[in-house]
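Protein chains in written order, with the working numbering: chain U, 43 to 536; chain D, 43 to 536.
The structure is reproduced here in structure tokens:
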């Protein structure tokens, strides 16, 4: 028996107690000990190489939990109840004969895997120079403040408020915080019944499309623009119409006339970064009124925007309930936690709430509560303030580095944006640069999949900077510049 | 200024420090202090009625966070940066003129609010006798063990593993735990690429329907059965066919022949509680093979089933990949946290994963990790063991009470089930009893909405017992029995 246990290689990522406990639990379930006594705490401590106290604590905790039973003078044993667990026979999977398995290709009504997106590299963290967008720098996550809120939410006096779920309403504390602390800053006044908590912007878009998209409906989307927005709309059977942009954002006029919905990112156009001017915002809303379309505003970067006086949300100019507003906490807090919010006409929110109930009930209640506390305690604001300073510093370095090393490119950037939209010299295809860069530890993203049109340019890249270390920015851009020069020279020779 | 502060009514639900801090943060944002000094800590402590130390700690924390600035000999002030926050004008909503607002009734492609479900009473907790199903008793939630796992997941060394999200994969630690600790107990052997983490059973059903349902597809569902399952299928444009049951579960044979999918709850039929016999499981799978349909197994109660040797999952008998298996942790852990899992053919899982990505990316990463730890540390198993004992005790009391007080009813129950399916005497309509019971503080659920057919019986009720206090069960049933007698006598007179 001791042999099994000698298999524990202790590492430093978690406490010894935790590791030993986990290993023992596993062994117990595999019936590894039978009805024999476990080693004494002294002996086991010697075998593994830890203090006797550690083993004593583990044993005691397993006795408390009912895994082990202590018999006076005999030692510690597996609890008899556990020795009776039925061992269920399992069907070996090699009995599957292909002719009898369902034909999934035929059964699928949709093929979502066909949609190409910006394939985010799961291993981005291994790159020294990850010029990617959307990921945060984990070191900046406010761990202690998050844990404080977590602790409060999970205290015995509070846990009952979320552990049973919310049965179709949202956490009232979170809704209050979002109204008072977040929407108010964007100039938006909303009642409780005009707000829906979601799992982030992607989820908000999907809920809307699932409810409003259909065969004869056209959604206008920015070109270039958010690929997964287009995918959702297509999945929900609507037409997607690419809309032209200029230096003030989406162009109003003829191109919008056959759209029932127009999707915009006015704060910083995704990905070109342009900010929609006040005049353009008003013109868009005026045309929405006269041509009867609805605007869907994705305000995804607003929170951590480091501009001193960001423009209020498009929705704040909306006097006729024609804007559906989407906000999110992913970029300002954590993409992993997944909370966003929708603000719209209460009739629409009511139906969206019912739809959400059928989709997944509600966003996890514990996270809603932790975030409500995080905002209410002021931690969110101070975190955002720190992020802004950090982003501003990085943005300036990016600008400097691009000017210095990639001056031959078309550099699109707006103060406060989270990425730079770079047009490479026409003779250089973005894919080539991507490959060359990856070989040097530089991760960049091609702009190709952000375009809908077939004849779209293939020489755009997007450089983010939220994930990369500040002190790697200039070096990374220098290397990238050199690679670009090499590629240009190579193409001139051919 | 002190006036504002005197408004703080301290309560005992959270620490004074937390409440005072939250209030101050609010006042700061409302620009309530201007550029004047805040009261001294001694003065504020006197005003509010707390110790000076408490105020000092709050002030220090707000200085750390950048809300306040300490000026030597002058006191504490709002940080100058915050005095420059722009106050954005907001559009009053009474400018909305109805003729210019979008016509949402016309725009809606679906009307999910039309679906009636068992309307869960948000205030169920106020009833002394909540004989409802699906809610857990919050006092049973393993708070300390959950917090322990939360603490580990949120430790500085671990937080980076989830804070950036998972980019379309699931938390490998959670998948491992589910495979090794949970699926194995149900007799299911599954590879990693055959598992998808979801937001619970409702979400699993929606993902499947969204991918596989369509105009000419028929889903067979148990009658009576899960209402929201039917709603999702209809929402995804498929036909729903009600299927007859008997004492062994869903009947095989002719009625299944025109179904492409058959949805079953074999562990305990929802809501009649019957367990599908081994013979019937094999017959169902045999017909699935010969008539080429796929079975969707909702194994929703299996974990906390207190029967000594529960039957293995239907999926464990499946040799041809014809069963899509759905599991969940809502009833055994917490409905609020929302984690479930799907096990199916890897082709299907691949598409479901892409679809999930478009729906909402992935279930919150922090919760995936906390639950992985919770299972891995053995806390889940010991919690389930405790729940089983508790449920068994309650089940026996329910049985006893029903026999004693509602003996004139048709009592359907199976050891290990989570509810009792009661057929009232035919002359008593379930709605009448519901109303009478509510007036006496008894919450019960009508069976009406669980039937699809128009001519379905209206005299069934469902009694759950997971939420009600053990010591209230017999009394509640006694009162219910008396109410039923009264209603019967009243109907005989008319």
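Built from N, CA and C at the ideal position, the CB exists for glycine as well.
Cα-Cα separation between residue 99 of chain D and residue 185 of chain D, rounded to whole angstroms = Along the second chain, one-based indexing puts residue 99 of chain D at 57. Along the second chain, one-based indexing puts residue 185 of chain D at 143. So the two alpha carbons sit approximately 28 Å from each other.
Pull out every residue of the region 166–180 of chain D whose Cβ sits closer than 7 Å to any Cβ of chain U, in chain order.
-> 177, 178 and 180
For residue 79 of chain D, which residues does DSSP report across the bridge?
-> As a first step, residue 79 of chain D must be located in the second chain, where it is residue number 37. Bridge partners of residue 79 of chain D: D:119.
Who are residue 484 of chain D's beta bridge partners in DSSP?
-> Translated into the one-based positions of the second chain, residue 484 of chain D becomes position 442. Its beta-bridge partners are D:171.
Boundaries of the alpha helix (DSSP H) in which residue 98 of chain D is found, first to last residue | Residue numbering aside, residue 98 of chain D sits at position 56 when the second chain is read from its first letter. Note, residue 98 of chain D: alpha helix (DSSP H), 94–106.
Please report how far the alpha carbon of residue 528 of chain D lies from the alpha carbon of residue 254 of chain D, in whole angstroms.
-> Sequence index remark: in the second chain, residue 528 of chain D carries index 486 (1-based). Sequence index remark: in the second chain, residue 254 of chain D carries index 212 (1-based). Straight-line Cα distance between these residues: approximately 49 Å.
Which residue from D:399, D:408, D:62 and D:362 puts its Cα closest to that of residue 157 of chain U?
-> For the purposes of this step, residue 157 of chain U is taken as the residue at position 115 of the first chain. It is D:399.
Note down, in chain order, each residue of its chain lying with its Cβ closer than 8 Å to the Cβ of residue 131 of chain D, except the 5 sequence neighbours on either side.
-> Within the second chain, the letter at position 89 stands for residue 131 of chain D. In this prediction, residue 131 of chain D has a pLDDT of 35, which is less than 50 and means its spatial position is unreliable; what the coordinates show is noted afterwards. Around residue 131 of chain D: no qualifying Cβ.
C-alpha distance - residue 226 of chain U paired with residue 321 of chain U, whole-angstrom precision | Within the first chain, the letter at position 184 stands for residue 226 of chain U. Within the first chain, the letter at position 279 stands for residue 321 of chain U. About 22 Å.
Closest Cα partner of residue 257 of chain U within the set U:248, U:247, U:242 and U:275 | Your numbering for residue 257 of chain U matches position 215 in the first chain. When only C-alpha atoms are compared, the closest one is U:275.
Would DSSP call residue 128 of chain U helix, strand or coil?
-> Locating residue 128 of chain U in the first chain gives position 86, where the first residue counts as 1. The predicted model places residue 128 of chain U with a pLDDT of 39, which falls under 50 and marks its position as unreliable, so this point remains unresolved.
Could you tell me whether any Cβ in chain U is nearer than 9 Å to the Cβ of residue 71 of chain D?
-> Here residue 71 of chain D is taken as the residue at index 29 of the second chain, counted from 1. Cβ-Cβ to chain U under 9 Å: yes for residue 71 of chain D.
Give the residues of chain D in contact with residue 248 of chain U, contact being defined as C-beta atoms less than 8 Å apart.
-> For the purposes of this step, residue 248 of chain U is identified with residue 206 of the first chain, where counting begins at 1. Near residue 248 of chain U (Cβ distances below 8 Å), the residues of chain D are 400, 401 and 402.
Rounded separation between residue 374 of chain U and residue 426 of chain U - CA only | Along the first chain, one-based indexing puts residue 374 of chain U at 332. Along the first chain, one-based indexing puts residue 426 of chain U at 384. Cα-Cα distance, rounded: 6 Å.
Secondary structure of residue 237 of chain U, DSSP reduced to three states | Reading the first chain from its first residue, position 195 is the one you call residue 237 of chain U. In this structure, residue 237 of chain U counts as strand in the three-state DSSP scheme.
Under the three-state DSSP convention, the category residue 54 of chain U falls into | The residue given as residue 54 of chain U occupies position 12 in the first chain. Residue 54 of chain U: coil per DSSP, three-state reduction.
Taking 9 Å as the cut-off, decide whether the C-beta atoms of residue 422 of chain D and residue 412 of chain D are in contact.
-> As a working mapping, residue 422 of chain D is identified with position 380 in the second chain. As a working mapping, residue 412 of chain D is identified with position 370 in the second chain. Going by C-beta atoms, residue 422 of chain D is not nearer than 9 Å to residue 412 of chain D.
For residue 463 of chain U, which residues in chain D fall below 7 Å Cβ to Cβ?
-> Taking the first residue of the first chain as position 1, residue 463 of chain U is located at position 421. Those do not exist, as residue 463 of chain U stays about 22 Å from chain D at its closest Cβ, beyond 7 Å.
Quick one: which unbroken alpha helix (DSSP H) runs of 4-plus residues sit fully inside the region 144–227 of chain D? Chain order, please.
-> 146–149, 185–195, 202–205 and 214–219
Taking only the alpha-carbon atoms, compute the straight-line gap between residue 525 of chain U and residue 450 of chain U and give it to the nearest angstrom.
-> One-based indexing of the first chain puts residue 525 of chain U at position 483. One-based indexing of the first chain puts residue 450 of chain U at position 408. Approximately 13 Å, taken between the alpha carbons.
Rounded straight-line distance, which links the Cα of residue 240 of chain D to that of residue 90 of chain D | The residue you call residue 90 of chain D lines up with position 48 of the second chain. The residue you call residue 240 of chain D lines up with position 198 of the second chain. A straight line joining the alpha-carbon of residue 90 of chain D with that of residue 240 of chain D spans about 47 Å.
Thinking C-alpha only, which one of D:97, D:62 and D:211 is nearest residue 392 of chain D?
-> Counted from its first residue, the second chain places residue 392 of chain D at position 350. With distances taken between Cα atoms, residue 392 of chain D lies closest to D:211.
Residue 282 of chain U and residue 304 of chain U: beta carbons closer than 9 Å?
-> Translated into the one-based positions of the first chain, residue 282 of chain U becomes position 240. Translated into the one-based positions of the first chain, residue 304 of chain U becomes position 262. For residue 282 of chain U and residue 304 of chain U, no; Cβs fall outside 9 Å.
Measure the C-alpha to C-alpha separation of residue 263 of chain U and residue 477 of chain U and round it to an integer number of angstroms.
-> On the first chain, residue 263 of chain U is found 221 positions in, with the first residue counted as 1. On the first chain, residue 477 of chain U is found 435 positions in, with the first residue counted as 1. Cα to Cα, residue 263 of chain U sits roughly 29 Å from residue 477 of chain U.
Output, in sequence order along the chain, the residues in the region 256–273 of chain D whose CB is closer than 7 Å to any CB in chain U.
-> For the region 256–273 of chain D, the set of residues with a beta-carbon nearer than 7 Å to any beta-carbon of chain U comprises 256, 270 and 273, in chain order.
So the alpha helix (DSSP H) residue 395 of chain D belongs to, where does it begin and stop?
-> Locating residue 395 of chain D in the second chain gives position 353, where the first residue counts as 1. Counting along the chain, the alpha helix (DSSP H) containing residue 395 of chain D begins and ends at 388–402.
Whole-number beta carbon distance between residue 302 of chain U and residue 335 of chain U, since they are thought to touch under 8 Å | Along the first chain, read from residue 1 onward, the residue named residue 335 of chain U stands at position 293. Along the first chain, read from residue 1 onward, the residue named residue 302 of chain U stands at position 260. Correct: roughly 6 Å between the Cβ atoms.
Would you decide whether residue 76 of chain D is buried or exposed? Buried here means 16 or more other CB atoms lie within 10 Å of its CB.
-> As a first step, residue 76 of chain D is located in the second chain; it is residue number 34 there, counting from the start. Under this definition residue 76 of chain D is an exposed residue.
The beta strand (DSSP E) enclosing residue 274 of chain U, as first and last residue numbers = Here the question's residue 274 of chain U lines up with position 232 in the first chain. Segment 269–277 is the alpha helix (DSSP H) holding residue 274 of chain U; no beta strand (DSSP E) there.
Closer than 9 Å at the beta carbon, the chain B residues around residue 277 of chain U | In the structure shown, chain B cannot be found, because the protein chains are U and D.
Quick one, which residues of the region 475–507 of chain U are near chain D if we go by CB-CB under 8 Å, in chain order?
-> none
Would you say residue 534 of chain U faces chain D, with C-beta separation under 9 Å as the test?
-> Residue 534 of chain U sits at position 492 when you count from the first residue of the first chain. No, residue 534 of chain U lies away from the interface with chain D (no Cβ there is under 9 Å from its Cβ).
Below 7 Å between beta carbons is the criterion; list the residues of the region 100–112 of chain U that meet it against any residue of chain D, in chain order.
-> 107, 108 and 109
Taking just the CA atoms, how far does residue 342 of chain D sit from residue 327 of chain D?
-> Counted from its first residue, the second chain places residue 327 of chain D at position 285. Counted from its first residue, the second chain places residue 342 of chain D at position 300. Residue 327 of chain D and residue 342 of chain D have their alpha carbons spaced roughly 19 Å apart.
The beta strand (DSSP E) spanning residue 502 of chain D covers which residue range?
-> In the second chain, counting from the first residue as 1, residue 502 of chain D sits at position 460. Where residue 502 of chain D is concerned, the enclosing beta strand (DSSP E) stretches over 502–506.
Among U:531, U:315 and U:364, which one has its Cα closest to the Cα of residue 332 of chain U?
-> On the first chain, position 290 is the one that residue 332 of chain U refers to. Comparing Cα positions, the closest option is U:364.
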